[in-house]
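The letter at position 115 of the sequence shown is residue 229 when you use my numbering, and the numbering goes up by one with no holes. From the three backbone atoms N, C-alpha and C, an ideal C-beta is built for every residue, glycine too. This one's a predicted model, so the numbers in the text were calculated from it and none came from an experiment. To keep things clear, I will list the structure first and then write my remarks on it.
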Amino acid sequence: DLLFPALVNKGISKQGCPIGMLTAEHKRGRVLVKELADAADTYQSGDPDAKKAVVKSLRELAALYPNHIWKEDYLLFPLTNKVLSLEEQQALYRQFEQVWERVGLDVHHHLEQFAEGLSESTQVC
115 DLLFPALVNK GISKQGCPIG MLTAEHKRGR VLVKELADAA DTYQSGDPDA
165 KKAVVKSLRE LAALYPNHIW KEDYLLFPLT NKVLSLEEQQ ALYRQFEQVW
215 ERVGLDVHHH LEQFAEGLSE STQVC
């Protein structure tokens, strides 16, 4: 919600590669994380059948992210370095930090606790 609009404001297209493709993958990733969180909550509440949903979500996330991260590392970030000035990048970084402080730590902590509990109680894969 921060970087892509900044790039679009500099003339980079919202459609196609890399922004359009990464936007679609971000949306898919959010759906998968939501499914994982829901399955994790169900599993933690004592439903052993939810284990299958947890494993499915984890596998889908594992399939999505390596290629997605490659696109960010080798397409998006080099483009960002070409299009945005150092000052613009630093301002974006400060905005990212504010978002991370507001929401990122809670999500990370929730998933970390679930993963620890899951690894202690059962072998998932």
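Give the DSSP-derived three-state secondary structure of residue i in the structure shown.
| i | result |
| --- | --- |
| isoleucine 126 | coil |
| leucine 116 | coil |
| leucine 121 | helix |
| serine 171 | helix |
| aspartate 161 | coil |
| leucine 136 | helix |
| leucine 198 | coil |
| cysteine 131 | coil |
Under the rule that 16 or more other beta-carbon atoms within 10 Å means buried, what is residue i, buried or exposed?
| i | result |
| --- | --- |
| isoleucine 183 | exposed |
| leucine 200 | exposed |
| valine 217 | exposed |
CB-CB under 8 Å to residue i, same chain, minus the five flanking residues each way: which ones, in chain order?
| i | result |
| --- | --- |
| valine 122 | Lys128 and Ile133 |
| lysine 124 | Val197 and Leu198 |
| phenylalanine 118 | Lys128, Ile133, Leu136 and Thr137 |
| asparagine 181 | none |
| isoleucine 126 | Ile133, Leu193 and Val197 |
Cα-Cα, which of the options is closest to residue i?
| i | options | result |
| --- | --- | --- |
| leucine 189 | Arg144, Arg208, Met135 and Val147 | Met135 |
| tyrosine 179 | Thr156, Lys141, Pro119 and Val213 | Lys141 |
| serine 171 | Gly160, Gly143 and Val217 | Gly143 |
| alanine 177 | Leu146, Val213 and Gln212 | Leu146 |
| cysteine 131 | Arg173, Phe191 and Ala151 | Phe191 |
Looking only at its chain, what residues have a beta carbon closer than 6 Å to the beta carbon of residue i, apart from the 5 residues adjacent to it on each side?
| i | result |
| --- | --- |
| glutamate 186 | none |
| glutamine 158 | none |
| alanine 164 | Ala153, Thr156 and Tyr157 |
| alanine 167 | Ala153 |
| leucine 150 | Ser171 |
Would you say residue i reaches chain C, if we count a Cβ-Cβ gap shorter than 9 Å as a contact?
| i | result |
| --- | --- |
| valine 147 | Here chain C cannot be found, since the structure has a single protein chain. |
Excluding the 5 residues preceding and the 5 following residue i in the sequence, name in chain order all residues of the same chain whose CB lies nearer than 7 Å to its CB.
| i | result |
| --- | --- |
| phenylalanine 210 | Leu116 |
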